[in-house]
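In my numbering, the protein residues as written are 100 to 308.
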């Protein structure tokens, strides 16, 4: 444990660590600033993958990036999922921890997709509460990522960028800014991507996809 790379927010250019590349990373120790790992891939307790990530973590900072918290689901919040994430954070001490501004579960059923939220005050209040809950459980800053979408809601009360900026302001969280998703949504929904980017609080940006 004493050999482990110090905890810090990663800087420079990192890459997503995928299973086909893991052994090569372990054997060659490439000149990469940091690695992003999908949180849910580590939800099984122990095993070879956990051991391999421990070896990677000894030499590189990590970013834990999740897809399953379903922060915007209105009916329930998966406390067990959050508890497992907290245990991973304690074990691997990543520099960054993130998930998406979306919902993907209802009635205990996970839909395996990152579904868009209605940009309403009610949805914003829920997201602020959930993000604060996650940050309280983790005891540290949590990042949210903007998602791509193929539809919007007629009862939306604000733009996507207003929603994201206000979520960050009220919850005190950080931002994983997905520039590709901004572009996709600008094409799908006919807005100015540059206006979106200008509206983002730059001081909150911790990671960019």
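Here a beta-carbon is modelled for each residue, glycine too, at the ideal position from N, C-alpha and C.
- Going by DSSP, residue 277 is part of no beta strand (DSSP E) at all; its letter is neither H nor E.
- Boundaries for residue 244: no alpha helix (DSSP H) harbours it, while the beta strand (DSSP E) harbouring it runs 242-244, taken from the DSSP string.
- For residue 115 against residue 169, the beta-carbon gap comes to about 21 Å, at or over 8 Å, which does not count as contact.
- When C-alpha distances from residue 251 are compared across 234, 165, 226 and 286, the shortest belongs to 286.
- Boundaries for residue 134: no alpha helix (DSSP H) harbours it, while the beta strand (DSSP E) harbouring it runs 134-137, taken from the DSSP string.
- Here residue 220 has 256 as same chain residues with Cβ atoms under 7 Å from its own Cβ, once five neighbours each way along the sequence are excluded.
- Per DSSP, the unbroken alpha helix (DSSP H) holding residue 152 starts and ends at 147-158.
- Rounded to the nearest whole angstrom, the C-alpha separation of residue 182 and residue 301 is 30 Å.
- Distance from the Cα of residue 260 is smallest, within the candidate group 217, 209 and 197, for 217.
- With a threshold of 16 other beta carbon atoms within 10 Å, residue 206 falls short and is exposed.
- In the structure shown, the three-state DSSP call for residue 131 is coil.
- Taking one beta carbon from each stretch, the region 148-160 and the region 261-270 have fewer than 3 pairs nearer than 8 Å; the two do not touch.
- For residue 282, the closest C-alpha among the options 274, 295 and 121 is that of 295.
- The shortest CA-to-CA distance from residue 223 to any of 167, 173, 211 and 253 is the one to 173.
- Inclusion of residue 230 and residue 272 in the CB contact set at 8 Å is warranted, their separation being smaller than that value.
- According to the DSSP assignment, residue 212 belongs to no alpha helix (DSSP H) but to the beta strand (DSSP E) extending over 208-214.
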